Amino acid sequence: MIDWNAMTDAEFRKKIRQFFEAEYPEELRHLPHRPKFAEIEQWHTKLHTKGWVAPAWPTECGGMGLNAAKLLIFYEEQQRWGVNRGRDMGVQMVGPLIIKFGTQKQKDYWLPRILSCEDIWCQGYSEPGAGSDLANLRTRADVDGDHFVINGQKIWTTMAHDATHIFMLVRTDPDAPKKQQGISFLLAPMDQPGVEVRTITTLSGETEFCEVFFDNARTPQENLVGELNKGWTMAKALLSFERIFIGSPSLAQNALGQLESFARGRGAFDDPVFRDRFAQAALDVEDHAALYARFADQLKRGETLGADVSMLKIWVTECFQRITELMIEAAGPDGGTIGPLQVGNVNVDALASFYKARPTTIYGGSNEIQRNILSKAVLGLPG
Amino acid sequence: MLSSDQEDLRLLRESARTLFERAGGSGRSRRLRDADGGWDADMIRELAEAGVFGVTVPEENGGLGMGLAAGGVIAEEVGRVIAPEPVVVTVGLSLGLLRRLCPDHAKMEQLTSGEISLAVAWQERGPGGAPADATCRYADGKLTGGKAWVIGAAGSHGFLVVAKGDNGPVLVLAEATADGLAIDKRAQADGSSMGELSFSGTPAEQMAEGPTVQDALAEAISDATALAAAELVGLSDRAFEITLDYIKTREQFDKPIGSFQVIQHRAVDLHVMREVAQAGVREVLTQMDCETDPKIRARLASRAKARAVTAAKKITRDAIQLHGAVGYTDEFDIGLYLNRALVLSAWLGDDAYHRRIWFDAREEEGAA
């Protein structure tokens with residue numbers, strides 16, 4: 001077993017970079033859509049053989065056991081090379097929860113299947129009436145013998161049509177005094193009569209999001225993770241690392257690089273107004289990276305991140321949007337054209353980038369919710 | 001040069017903050033503004049004793065030898081209390097020039113000890129305004145011509161003037177009381193004044209000559225630009241704190257106005273702006289300490305000033321709005337921050353100017 005954490009950051013970064021650059025298929029770099037598992041299966045197998053599927057998991061669970069500093073480097077390299085995250089809901093969300101709150105039996109059964117992608121997971125959190133106000137969720141799970149019976153509807157379930165299992169927050173005590181109480185964390189198989197999946201076509205024409213309907217669907221009681229009615233606190237406990245990850249500079253940096261070569265090819269820099277707006281965007285990205293580094297240093301010193309990390313997400317997603325808006329602008333009359341636009345030897349899909357940037361201010365806690373969090377938890381404003 | 005250790009910077013920040021707070025914080029700055037817009041001699045002496053003016057001067061020349069990151073820490077503290085004393089002018093410009101051109105000159109010691117202050121006169125009105133286009137002449141020990149936008153002119157003991165000599169550019173020193181020197185003081189929004197100088201055969205001492213003058217000037221301007229950015233960061237920081245306190249206590253409709261979501265979100269936006277500016281500017285100062293290429297240092301300084309001005313403008317202007325009508329009165333301190341931000345933003349180039357410079361520098365580096 002390699003002790004990655006004992007390496008210097010530079011050594012570690014080099015190892016990761018070399019592997020990605022040598023082994024990751026060129027045609028899968030910077031994929032503009034989320035792939036179905038079949039599309040990236042070979043790459044997943046390579047990672048699995050190497051033991052690199054779950055960088056954050058402890059080694060005894062089959063992970064790499066990386067500390068926060070190394071983990072950040074791993075993700076930085078992954079994003080830098082445009083390596084697709086794959087179908088990582090299992091690794092990112094379910095695994096850590098089972099590791100932290102699951103029984104030994106649950107660990108022994110589920111974790112290897114997550115690593116091998118024998119089970120492919122989707123996340124059943126949001127509902128039509130529970131978006132930003134997630135605790136308002138109404139999908140019920142009622143005990144029936146040794147099973148839970150599930151009724152209700154989940155929405156924005158990413159890639160549910162290509163998943164074998166769903167992990168979900170469900171209401172198990174409708175009479176709890178606060179709506180955050182009475183919610184449990186449940187695992188359920190998708191392949192059963194009571195589960196129906198419909199894809200949702202997005203503005204970009206993709207069908208990555210789904211609606212999932214539960215009509216007396218069943219899952220064994222042993223698929224409850226952690227204590228009954230304690231799901232809310234458990235799910236929240238997982239978000240700390242996610243919050244810096246979602247605010248990382250890479251999306252905006254990549255888009256800026258694309259914008260620059262595109263704008264140059266299109267002669268957009270001849271326009272002083274465009275130059276200034278480009279400079280603004282580029283400086284927004286550079287200074288965001290400086291702020292990101294401050295939080296990353298905190299992690300590297302072993303400190304936990306506070307609620308103030310939310311500001312990274314606000315800044316970088318809004319910046320990402322402005323950059324892709326500039327791409328559309330630089331495209332001129334081609335600004336509404338679907339598909340890659342060729343400029344010299346560069347292909348830029350301005351419209352795809354534009355669409356990709358839109359939901360970033362909505363998902364992962366909308367930027368308005370992030371502002372609420374900062375306002376109360378960081379600025380100490382009342383109400 | 002290596003950037004100073006983080007712990008040293010923390011201690012430096014603490015002592016600078018204590019020094020300014022003990023002297024009366026922004027209240028002292030208001031009193032000075034109301035008096036005559038001048039400086040506080042005791043404060044200058046105290047700052048000098050703390051080593052502030054010599055922070056970037058090498059130890060062998062009587063300074064702290066700490067680098068620009070440390071200078072930025074002090075500039076931030078100056079900004080927080082909007083102190084009128086010429087800290088950035090001295091650290092960045094006058095000592096920035098002298099330590100590069102004539103580190104053994106007696107004026108060095110007088111400047112670091114706070115005994116004197118020297119303003120730097122390098123710009124001229126008219127097309128370009130760049131040092132290479134200087135029309136101000138120095139010949140036979142005498143200056144003829146004019147200089148514009150001289151910050152700190154009112155309280156200075158003399159002027160370091162960049163002029164055209166017989167053998168190229170020269171740096172000369174004219175005493176404030178010299179014959180044939182007229183100073184037209186233009187009142188600034190923050191109570192300070194900017195000088196327009198005209199020389200008619202004004203006697204001046206030559207300090208340096210040749211292309212090194214241009215080089216040192218460019219470097220000193222980069223330093224001063226980045227330090228002014230740090231001063232704006234400190235100013236923005238404090239202006240935001242004042243505003244945050246205000247919206248927490250001011251009640252309307254029987255609630256603190258800070259409980260309204262529209263106010264909260266505006267406050268968060270200002271907070272994020274402040275944090276990005278602080279992180280960006282501090283990173284720049286640290287990088288400038290490790291960078292020797294003057295062009296890259298200039299590009300970095302532009303990045304810092306562009307960011308700091310953008311943030312300071314937004315924060316101080318929104319701060320007035322969040323204060324409501326009282327924000328428009330002279331009685332409330334927040335206006336002092338708005339006014340200081342106006343002056344500091346205009347000095348050495350605002351955000352639009354520095355984005356242009358930054359972009360051009362980046363293009364030039366890319367082409368090279």
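Sequence lines, in order, name chains A and B. Residue numbers are given in the working numbering: position 57 of the first sequence equals residue 57, and the series is strictly consecutive. Residue numbers are given in the working numbering: position 341 of the second sequence equals residue 341, and the series is strictly consecutive. Note that CB positions come from ideal geometry on N, CA and C, so glycine has one too. Quantities reported herein were computed from a predicted structural model and do not represent experimental measurements.
Taking Cβ-Cβ distances shorter than 9 Å, what residues in chain A pair up with B/LEU244?
By 1-based counting over the second sequence, the position of residue 244 of chain B is 244. By Cβ distance, chain A contributes LEU379, GLY380, LEU381.
Use the C-beta contact count for A/GLN280: other C-beta atoms within 10 angstroms, 16 or more gives buried, fewer gives exposed.
Counted from its first residue, the first sequence places residue 280 of chain A at position 280. Buried, because 16 or more other Cβ atoms sit within 10 Å of the Cβ of A/GLN280.
Should B/SER3 be flagged as near chain A, meaning a C-beta pair shorter than 8 Å?
Walking along the second sequence from the start, residue 3 of chain B turns up at place 3. Unreliable positioning characterises B/SER3 in this predicted model, as indicated by a pLDDT of 41, which lies under 50. The coordinate reading is nonetheless provided below. Answer no: the Cβ-Cβ gap between B/SER3 and chain A never drops below 8 Å.
With a threshold of 8 Å between beta carbons, is A/GLN42 in contact with chain B?
Numbered from its first residue, the first sequence carries residue 42 of chain A at position 42. Closer than 8 Å: no.
Do B/GLY62 and B/THR144 have their CB atoms nearer than 8 Å?
Here residue 62 of chain B refers to the residue found at position 62 of the second sequence. Here residue 144 of chain B refers to the residue found at position 144 of the second sequence. Taking 8 Å as the Cβ cut-off, B/GLY62 and B/THR144 do not qualify as a contacting pair.
Where do the N-terminal and C-terminal ends of the alpha helix (DSSP H) with A/TRP43 fall, by residue?
What you label residue 43 of chain A is simply residue 43 of the first sequence in a count that begins at 1. From DSSP, the alpha helix (DSSP H) with A/TRP43 extends over 37 to 50.
Strictly below 9 Å CB to CB, what residues from chain A border B/ALA352?
Mapped onto the second sequence, residue 352 of chain B falls at position 352. In chain order: ASP276.
For B/GLY258, which residues in the same chain have their Cβ closer than 6 Å to its Cβ, ignoring the five residues on either side in sequence?
By 1-based counting over the second sequence, the position of residue 258 of chain B is 258. ILE247, LYS248.
Looking at the unbroken beta strand (DSSP E) that takes in B/ARG238, where does it start and where does it end?
For this step, residue 238 of chain B is matched to residue 238 along the second sequence. No beta strand (DSSP E) contains B/ARG238, which is instead part of the alpha helix (DSSP H) from 211 to 249.
Here's the rule: buried if 16 or more other CB atoms are within 10 angstroms of the residue's CB, otherwise exposed. What is A/ASN84?
The count along the first sequence starts at 1 and reaches residue 84 of chain A at position 84. Result: buried.
Let's test the definition: count the other Cβ atoms within 10 Å of the Cβ of B/ARG274 and tell me whether it reaches 16, buried, or not, exposed.
Within the second sequence, numbered from 1, the residue matching residue 274 of chain B stands at position 274. Per the 10 Å Cβ criterion, buried.
Just to check my reading of the structure: B/ALA134 and B/LYS164 have Cβ atoms closer than 8 Å, yes? What is that Cβ distance to the nearest angstrom?
In the second sequence, counting from the first residue as 1, residue 134 of chain B sits at position 134. In the second sequence, counting from the first residue as 1, residue 164 of chain B sits at position 164. So it is a contact: roughly 5 Å between Cβ atoms.
Can you name, in chain order, every residue of its own chain whose Cβ lies under 7 Å from the Cβ of B/ALA75, other than the five neighbours on each side?
Against the second sequence, residue 75 of chain B aligns to sequence position 75. Cβ neighbours of B/ALA75 beyond the five flanking positions: VAL87, VAL88, LEU227, ALA230, GLU231, GLY234.
Just checking: is the beta-carbon of A/SER132 within a distance shorter than 8 Å of some beta-carbon in chain B?
One-based indexing of the first sequence puts residue 132 of chain A at position 132. So, not an interface residue.
Would you say B/GLN264 lies against chain E (beta-carbon separation less than 8 Å)?
In the displayed structure, chain E is absent; the protein chains listed are A and B.
Out of B/ASP254, B/LEU47, B/GLY96, B/ARG30, state which residue places its alpha-carbon closest to the alpha-carbon of B/ASN339.
In the second sequence, counting from the first residue as 1, residue 339 of chain B sits at position 339. Comparing Cα positions, the closest option is B/ARG30.
Kindly say whether A/ASP287, judged by its beta-carbon, lies nearer than 8 Å to any beta-carbon of chain B.
Taking the first sequence and counting its residues from 1, the one referred to as residue 287 of chain A is at position 287. Yes, its Cβ sits closer than 8 Å to a Cβ of chain B.
Please state the DSSP three-state secondary structure of A/PHE185.
Indexing the first sequence from 1 puts residue 185 of chain A at position 185. Of the three classes helix, strand and coil, the one that applies to A/PHE185 here is strand, per DSSP.
Which residue comes first and which comes last in the alpha helix (DSSP H) that contains B/CYS290?
Numbered from its first residue, the second sequence carries residue 290 of chain B at position 290. Start and end: 261 to 290.
Which residues, taken in chain order from the region 282 to 312 of chain B, show a beta carbon closer than 7 Å to some beta carbon of chain A?
Answer set for the region 282 to 312 of chain B: GLU283, ARG303, ALA306, ARG307.
Taking its Cβ as the centre, do 16 or more other Cβ atoms sit within 10 Å of A/GLN106, making it buried, or is it exposed?
Along the first sequence, one-based indexing puts residue 106 of chain A at 106. When all chains shown are included, A/GLN106 counts as buried.
Given a threshold of 16 other Cβ atoms within 10 Å of its Cβ, counted over all protein chains shown, does B/PHE253 qualify as buried or as exposed?
Within the second sequence, numbered from 1, the residue matching residue 253 of chain B stands at position 253. So B/PHE253 ends up on the exposed side.
Where DSSP assigns a beta bridge to A/MET168, which residues make up the other side?
To locate residue 168 of chain A, count along the first sequence from 1; it is residue 168. A/MET168 pairs with A/GLY124, A/LEU186.
Among the candidates B/GLY155, B/ARG250, B/PHE159, B/ARG266, whose CA atom is the shortest distance from the CA of B/LYS147?
Along the second sequence, read from residue 1 onward, the residue named residue 147 of chain B stands at position 147. Nearest option by C-alpha distance: B/PHE159.
Is B/ALA267 close to the ligand COA? I mean its beta-carbon at under 7 Å from any heavy atom of the ligand.
Among the components modelled here there is no ligand, and therefore nothing to report on the ligand COA.
Check A/HIS161 in the structure and name its three-state DSSP category.
Here residue 161 of chain A corresponds to residue number 161 of the first sequence, with the count starting at 1. DSSP places A/HIS161 in helix when its eight states are reduced to three.
Using C-beta distances below 7 Å, list every residue in its chain close to B/ALA306, excluding the 5 sequence neighbours before and after it, in chain order.
Here residue 306 of chain B refers to the residue found at position 306 of the second sequence. Only ASP351, HIS354, ARG355, TRP358 meet the Cβ criterion.
Cβ of B/LEU68 within 8 Å of Cβ of B/LEU217?
Sequence index remark: in the second sequence, residue 68 of chain B carries index 68 (1-based). Sequence index remark: in the second sequence, residue 217 of chain B carries index 217 (1-based). No.
Assign B/ASN167 to one of two classes, buried (16 or more other C-beta atoms within 10 Å of its C-beta) or exposed (fewer than that).
If you number the second sequence from 1, residue 167 of chain B lands on position 167. B/ASN167 comes out exposed.
What residue from B/LEU181, B/GLN188, B/GLU109 has the CA that sits closest to B/SER94's CA?
Numbered from 1 along the second sequence, position 94 holds the residue referred to as residue 94 of chain B. Closest option to B/SER94, Cα to Cα, is B/GLU109.
Can you give me the start and stop residues for the alpha helix (DSSP H) that B/LEU111 sits inside?
What you label residue 111 of chain B is simply residue 111 of the second sequence in a count that begins at 1. Note, B/LEU111: alpha helix (DSSP H), 106 to 112.
Could you work out which residue in A/VAL91, A/TYR292, A/ILE369 is closest to A/GLN123 when comparing CA atoms only?
Reading the first sequence from its first residue, position 123 is the one you call residue 123 of chain A. Checking every option, the nearest Cα to that of A/GLN123 belongs to A/VAL91.
Can B/MET288 and B/ALA301 be called in contact, C-beta distance under 8 Å?
Looking up residue 288 of chain B in the second sequence gives position 288. Looking up residue 301 of chain B in the second sequence gives position 301. Yes, the pair counts as a contact, with Cβ atoms nearer than the cut-off.
At 8 Å on the CB atoms, spell out the chain A contacts of B/SER259, in chain order.
Within the second sequence, numbered from 1, the residue matching residue 259 of chain B stands at position 259. Result: LEU381, PRO382, GLY383.
List, in order along the chain, the chain B residues whose C-beta lies closer than 9 Å to that of A/MET311?
Translated into the one-based positions of the first sequence, residue 311 of chain A becomes position 311. In chain order: VAL268, HIS271, VAL272, GLU275, VAL276.
A/HIS44: buried (16+ other C-beta within 10 angstroms of its C-beta) or exposed?
For this step, residue 44 of chain A is matched to residue 44 along the first sequence. So A/HIS44 counts as buried.
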